[in-house]
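Numbering (mature numbering (1 follows the signal peptide of the UniProt record, and there is no 0)), first residue to last: -22 to -1, 1 to 496.
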């Protein structure tokens, strides 16, 4: 009996140890911090999820801050605990990261959507701007600034993202060829550093921190406020799509449009592979220029390239805008029968992806794995890339939209932390795949990841000079290669603003308390 009782006790001890290893330990000192918000030590599972739906790391706690001071108090406390503490901190906005970047295994996740700062304030005048919380969604900024006839200059395709999230990466959409990314349109930031200091920074004040944080992948500070440049907002948008069968012609027209003073305000491109009834689907939102010819166009079994354009205008300008568009379109070499146009309110155009989100959510297809791959490719190598990828790797189908369009490097500020190809014009190519849960076929996660790997290997073997956008690597060597000559400056900035590597552990660039190696 004694033996059996001891065996049961030992078994229960083992179970307790196993449970303790699975459930993150809670530092008691966090419970006594003088903050206006609160910590949650039980309901933490949502902070281990993101849009990518591929990684899940439980934190020890979730901070729901009411102010930047709450964030600073928490980070400073962890900083003062020193290198012996395992605690790290990740800022989580709308949870749209792809590979666990906003997660903190056994650390603290800051729920930025709880942040309550000063109310959003629009400043009009010759150089208008808006002051916003780092937790604010871009869609909310659009609604508020439009009340004053203004809007930000540069966007992402999806507006239900936080300011802090996109500014920590870059923020790219079809306006970037003219205005640069979102990080090129910021005047000032309020940042909480890895030492728990609240710092205001701009081009003229604490400029090194300002440029470090922009495109810095969350490594140098948590953005708690931002000042965003604005411009007069139009009321309407002419939205145009045309198709090409030849990539070289498609790319030539795109590059012509982004050079000089283009008529259009937005220029993007898509790759469409083996899509049945493509133009018929377009008819739900667009009007064909020649309905009879469009009805005879066959898209199935072909790889096509779609050029998407937008021209902003106000109703009183319609006549002159139509003439400008006709003149610009006459310079293109698209398939004539595939010209489709639509006219929509400005806000409807900018929030177009949200409509797709609503449809996907209704079908249960939004919260699935998203093994996205975003690449920046030098113009000189885009033809080799397209030939190999769309000719040999992706031939029968795609598992989501494929974006491909050029931008001008001159519109990007080289003082920021973002890493770009070395040429003056480069292409964003984004494979926005969705994987069917539990599928082992061509729409399954493993198949898509295998395709992504083949694409990356092609870039490496052929020396295409490609850089990842929203980068993800597993080793220090891969990160060094990604940053190239910028690595030394990146490490120096890290040692200055977050020397214990407390912030953004999910990026897997630095390990907490490990020596920062050049």
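All residues carry an ideal CB built from backbone N, CA and C; glycine is no exception.
Asked                                                                                                                                                                                     : Found
What does a CB cutoff of less than 6 Å around residue 356 pick up in its chain, not counting 5 residues either side in sequence?                                                          : 399, 401, 404, 443
Could I get the ranges of all uninterrupted alpha helix (DSSP H) runs contained in the stretch 418 to 479, with 4 residues as the minimum, in chain order?                                : 423 to 439, 454 to 461, 465 to 475
Tell me, please, which residues DSSP counts as bridged to residue 318.                                                                                                                    : 219, 266
So, does the stretch 156 to 172 touch the stretch 381 to 399, judging by three or more C-beta pairs under 8 Å?                                                                            : yes
State the Cα-Cα distance for the pair residue 296 and residue 216, rounded to the nearest angstrom.                                                                                       : 10 Å
So if DSSP puts residue 170 in a beta bridge, which residue, or which two residues, is it bridged to?                                                                                     : 176, 200
Which of the three DSSP states is assigned to residue 393 in this structure?                                                                                                              : coil
Could you please give the first and the last residue of the uninterrupted beta strand (DSSP E) stretch that includes residue 156?                                                         : Looking at the DSSP string, residue 156 is not in any beta strand (DSSP E); the run it does join, the alpha helix (DSSP H), is 154 to 157.
So residue 144 is in the alpha helix (DSSP H); what residue range does that whole segment cover?                                                                                          : 141 to 145
Might you give, ordered along the chain, the residues of its own chain that have their beta carbon closer than 6 Å to the beta carbon of residue 432, omitting 5 neighbours on each side? : 371
At the level of alpha carbons, what is the spacing between residue 103 and residue 180?                                                                                                   : 20 Å
Taking buried to mean at least 16 other C-beta atoms within 10 Å of its own C-beta, is residue 420 buried or exposed?                                                                     : exposed
Does the beta-carbon of residue 66 have 16 or more other beta-carbons within 10 angstroms, so that it is buried, or is it exposed?                                                        : buried
Take every Cβ of the stretch 440 to 460, pair it with every Cβ of the stretch 40 to 54, and state whether three or more of those distances are shorter than 8 Å.                          : no
By Cβ distance below 6 Å, which residues in the same chain neighbour residue 69 in space, the five residues on each side in sequence not counted?                                         : 88, 90, 200
Unbroken beta strand (DSSP E) runs of length 3 or more, entirely within the stretch 225 to 300: which are they?                                                                           : 244 to 251, 281 to 291
How many Å lie between residue 317 and residue 247 at the Cα?                                                                                                                             : 14 Å
Using only CA atoms, which one of 56, 130, 361 lies nearest to residue 207?                                                                                                               : 130
In this structure, how does DSSP classify residue 122 when only helix, strand and coil are distinguished?                                                                                 : helix
What did DSSP end up calling residue 17 once you bin it into helix, strand or coil?                                                                                                       : strand
Give the range of the alpha helix (DSSP H) segment to which residue 190 is assigned.                                                                                                      : 185 to 191
Which whole-angstrom value describes the C-beta separation of residue 351 and residue 220, a residue pair presumed to lie in contact below a C-beta threshold of 8 Å?                     : Their Cβ separation, rounded to whole angstroms, is 26 Å, which puts residue 351 and residue 220 out of contact at 8 Å.
Taking only the alpha-carbon atoms, compute the straight-line gap between residue 272 and residue 260 and give it to the nearest angstrom.                                                : 10 Å
Identify whether residue 101 lies in helix, strand or coil by the three-state DSSP scheme.                                                                                                : strand
What is the C-beta distance between residue 71 and residue 41, in whole angstroms, given that I count them as a contact (C-beta under 8 Å)?                                               : About 14 Å; that fails the 8 Å criterion.
My understanding is that residue 32 touches residue 483, with C-beta atoms under 8 Å, so please give their C-beta distance in whole angstroms.                                            : Between residue 483 and residue 32 the Cβ distance is about 17 Å, and since that is not below 8 Å, they are no contact.
In chain order, what residues of the same chain lie with their CB nearer than 8 Å to the CB of residue 7, ignoring the 5 residues before and after it?                                    : 55, 59
For residue 138, report the span of its beta strand (DSSP E) as first-last.                                                                                                               : That residue, residue 138, is in no beta strand (DSSP E); it is neither H nor E in DSSP.
Going along the chain, which residues of its own chain have a beta-carbon closer than 6 Å to the beta-carbon of residue 98, five neighbours each way excluded?                            : 110, 122
Within 10 angstroms of the Cβ of residue 258, are there 16 or more other Cβ atoms? Answer buried if so, exposed if not.                                                                   : exposed
How would you write the range of the alpha helix (DSSP H) that residue 376 sits in, first residue to last?                                                                                : Unbroken run through residue 376: none, as it is neither H nor E.
Quick one: what's got a C-beta closer than 7 Å to residue 423's C-beta in the same chain, skipping five residues either side?                                                             : 347, 349, 413
Less than 6 Å between C-beta atoms, sequence neighbours within five positions excluded: which residues of the same chain meet that for residue 497?                                       : Only positions -22 to 496 of the chain appear in the structure, and residue 497 is not among them; the question remains open.
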